[in-house]
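To start, the structure under review is shown below, and the notes come after it.
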Amino acid sequence: KIILTTVINLKHNQSILFFYIIQGMNMNSNLSIKMLISCIFLFSTALFAEQPIIGKWLVLESGTGKLKAIVEFKEESDRTISGTNIKILDENLGQNSVCSKCPEPFKNKPLLGSKVIWNLKPSTKYGEYIQGYALDVTNGKIYKGKAKVTQNGRRLSMRGYIGSSLLGRTETWIRATDE
Numbered sequence: 004k005i006i007l008t009t010v011i012n013l014k015h016n017q018s019i020l021f022f023y024i025i026q027g028m029n030m031n032s033n034l035s036i037k038m039l040i041s042c043i044f045l046f047s048t049a050l051f052a053e054q055p056i057i058g059k060w061l062v063l064e065s066g067t068g069k070l071k072a073i074v075e076f077k078e079e080s081d082r083t084i085s086g087t088n089i090k091i092l093d094e095n096l097g098q099n100s101v102c103s104k105c106p107e108p109f110k111n112k113p114l115l116g117s118k119v120i121w122n123l124k125p126s127t128k129y130g131e132y133i134q135g136y137a138l139d140v141t142n143g144k145i146y147k148g149k150a151k152v153t154q155n156g157r158r159l160s161m162r163g164y165i166g167s168s169l170l171g172r173t174e175t176w177i178r179a180t181d182e
């Protein structure tokens with residue numbers, strides 16, 4: 004009897020415990036070897052998969068569609084996702100603008116380089132993120148946040164809410180290209 008146990012820790016902080024049990028099978032048979040190789044390949048690719056939210060996103064103003072900023076999402080050491088303003092595009096704000104209406108520790112800090120999304124955790128559904136927070140720099144309020152990347156990876160629905168996600172607003176952001 005051979006018992007092969009593989010634990011694969013996915014980037015989105017979930018663990019899959021996979022038991023591949025071969026009982027009474029001849030390991031020299033082609034079928035057993037093919038099954039073993041297939042399972043190892045299938046589960047090892049998940050280990051290296053990058054979160055679809057990672058990268059740069061164009062923030063659009065709700066209603067007008069005007070460009071406000073570019074936010075870059077990164078994975079933190081605790082495996083949560085955060086988004087940082089890397090460029091301010093709003094004509095009413097400059098690159099040197101500060102968050103005057105924001106609460107501490109954001110008050111009077113530069114908008115450029117500030118974390119506006121933090122603590123997003125990957126959901127069990129691919130491309131969905133939950134339990135995060137979002138800072139609205141226009142009114143200085145902090146909202147609970149969640150996000151969902153479309154199947155093609157080009158659009159991000161970013162939702163900020165108070166209490167229940169039914170009481171909130173969703174913005175659609177567009178993935179930025181390097182062109």
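Residues in the sequence shown are numbered consecutively from 4, following my numbering.
Quick reminder that beta carbons are idealized off the backbone N, C-alpha and C, glycines included.
(request) Would you mind giving the Cβ-Cβ distance between threonine 175 and arginine 158, rounded to the nearest angstrom? I have them listed as a contact below 8 Å. (result) In the sequence shown, the residue the question calls residue 175 occupies position 172. In the sequence shown, the residue the question calls residue 158 occupies position 155. That belief holds up - the Cβ atoms of threonine 175 and arginine 158 are roughly 6 Å apart, short of 8 Å.
(request) Note down the Cα distance separating glutamate 94 from proline 113, rounded to an integer number of angstroms. (result) For this step, residue 94 is matched to residue 91 along the sequence shown. For this step, residue 113 is matched to residue 110 along the sequence shown. Between glutamate 94 and proline 113, the C-alpha separation is close to 16 Å.
(request) Just the C-alpha distance for tryptophan 121 and threonine 83, rounded to the nearest angstrom, thanks. (result) Translated into the one-based positions of the sequence shown, residue 121 becomes position 118. Translated into the one-based positions of the sequence shown, residue 83 becomes position 80. In a straight line, the C-alpha of tryptophan 121 is about 8 Å away from that of threonine 83.
(request) Measure the C-alpha to C-alpha separation of isoleucine 89 and glutamate 75 and round it to an integer number of angstroms. (result) What you label residue 89 is simply residue 86 of the sequence shown in a count that begins at 1. What you label residue 75 is simply residue 72 of the sequence shown in a count that begins at 1. Cα to Cα, the separation comes out at about 6 Å.
(message) Can you tell me which residues form a DSSP beta bridge with alanine 150?
(response) Along the sequence shown, read from residue 1 onward, the residue named residue 150 stands at position 147. Note: alanine 150 sits in a beta bridge opposite Tyr132, Met161.
(request) Compute the distance between the beta-carbons of leucine 115 and leucine 92, then report whether it is under 8 Å. (result) As a working mapping, residue 115 is identified with position 112 in the sequence shown. As a working mapping, residue 92 is identified with position 89 in the sequence shown. Going by C-beta atoms, leucine 115 is not nearer than 8 Å to leucine 92.
(request) Please check the pair glycine 135 and lysine 144, which I expect to be a contact at CB under 8 Å, by giving their CB distance rounded to whole angstroms. (result) If you number the sequence shown from 1, residue 135 lands on position 132. If you number the sequence shown from 1, residue 144 lands on position 141. With 8 Å as the limit, glycine 135 and lysine 144 do not qualify as a contact, their Cβ atoms being about 15 Å apart.
(request) Would you kindly work out how many angstroms separate the C-alpha atoms of serine 100 and proline 55, rounded to a whole number? (result) Along the sequence shown, one-based indexing puts residue 100 at 97. Along the sequence shown, one-based indexing puts residue 55 at 52. Near 30 Å, if we compare the C-alpha coordinates of proline 55 and serine 100.
(request) Decide if methionine 170 is buried, meaning its Cβ has at least 16 other Cβ atoms within 10 Å, or exposed. (result) Against the sequence shown, residue 170 aligns to sequence position 167. Here residue 170 is leucine; the residue named in the question, methionine, does not match the sequence. Exposed.
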